[in-house]
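What follows is one structure encoded as structure tokens, with my remarks underneath.
Chains as they are written, first to last, in full-length UniProt numbering: chain U, 1 to 193; chain F, 1 to 193.
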């Protein structure tokens, strides 16, 4: 299963692609940052981010897109741009019938380091180790996008898919949701051991 | 000039279309609400809103899309969905080379009623009068979308277009920006009288 992680942002939008194989073997495929020039108007910045995300999604044809869940309580000026970039990633996936999963930063940190309050550098080191990379992924902040992809591979339960969602799924999405549910059941059993 | 106003929202997204003729004569063309079902996942809701907005933009081929500017300080749970819907409207316009203008609710109220803190009902009454409608526009909350369109017709200066924007414009956009700038200069003169 190919998982494309998105660390949303209007200026820099991290994209990380991994393959999750049997026995949870994870392999690195791609990492990059989609950018928009801060000096152009917001509509053209959103268009640049959207086009960049579409290019990545079409190139890597992921089975699922894992996006950081954005919260309103973040009191930054950038939160709306971040939410908009996340929205564009959701749109680009939904337009292609690709399921979307949202994971909180805490979920991602917990899944990767075992500590929901891990430092950025700890997450980067673990991403490097999990994906068996010879060096930390560059650009550094794109490691978050890989972390979101890894998080989804290890703990897909944070995904959007609920019971009521299934009614609205395309056949491809339904197939995925059922597979994901099986994975989830299996991992619940794992956790029970 | 055809102006399409958008009152962004994830559940209900108001769309209002007017024509601004010579001597600031404004005519009503269309008003509607694009909806998404609250019980489906966020990605599919965004897709529904986007598809609805694209349908309106392609049907009415506006010269400009006037969207309510969303602020982070709105402490509602809905603010991120509202920002995302606004982002989709900007994307849909930018993909078609249609200029986008952002106007604050205060700008819209001020332009329409002369009072930036006007009540919703005052705005609705003035929208009805300005567009010479026989009854208040329905659905009622779509009046806000008409208000945004009217606001842009009367005070286009709230638009995004800045000096640096012009470098990134398509020929159609540049033509519009130049025309808009002329209008703005003219209206500055008006205000100076």
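We treat Cβ as the ideally placed atom computed from N, Cα and C, and that holds for glycine.
Taking a cut-off of 8 Å on C-beta distances, the segment 31-38 of chain F touches the segment 11-18 of chain F, as three or more cross pairs fall below it. Residue 145 of chain F and residue 55 of chain F have their C-alpha atoms spaced approximately 16 Å apart.
Residues of chain U whose Cβ lies closer than 7 Å to the Cβ of residue 4 of chain F do not exist; the shortest such Cβ separation is about 13 Å. Annotated three-state conformation of residue 89 of chain F is helix, per DSSP. Closer than 7 Å at the C-beta level to chain F, one finds these residues of the segment 40-73 of chain U: 40, 41, 42, 43, 44, 46, 47, 50, 70, 72. DSSP, read as helix, strand or coil, puts residue 152 of chain U in helix. Excluding sequence positions up to five before and after residue 84 of chain U, its CB lies within less than 7 Å of the CB of 10, 46, all in the same chain and listed in chain order. Using a Cβ-Cβ cut-off of 7 Å, residue 90 of chain U is close to 42, 43, 46 of chain F, given in chain order. Residue 70 of chain F: not part of any beta strand (DSSP E); DSSP gives it neither H nor E. Counting only the Cα atoms, residue 128 of chain U lies some 52 Å from residue 151 of chain F. From the beta-carbon of residue 100 of chain F, the residues of chain U found nearer than 8 Å are 41, 42, 43. Here residue 100 of chain U carries a strand assignment [DSSP, helix/strand/coil]. Separation of residue 123 of chain F and residue 113 of chain F (C-alpha to C-alpha, rounded to the nearest whole angstrom) is 6 Å. For the C-beta of residue 95 of chain F, the chain U residues within less than 7 Å are, from N- to C-terminus, 47. By the criterion of a C-beta distance shorter than 7 Å, residue 93 of chain U is surrounded in its chain by 57, 65, 100, once the five residues flanking it on both sides are discounted.
Our two residues, residue 141 of chain F and residue 42 of chain U, have alpha carbons roughly 26 Å apart in a direct line. In the structure shown, the three-state DSSP call for residue 35 of chain U is strand.
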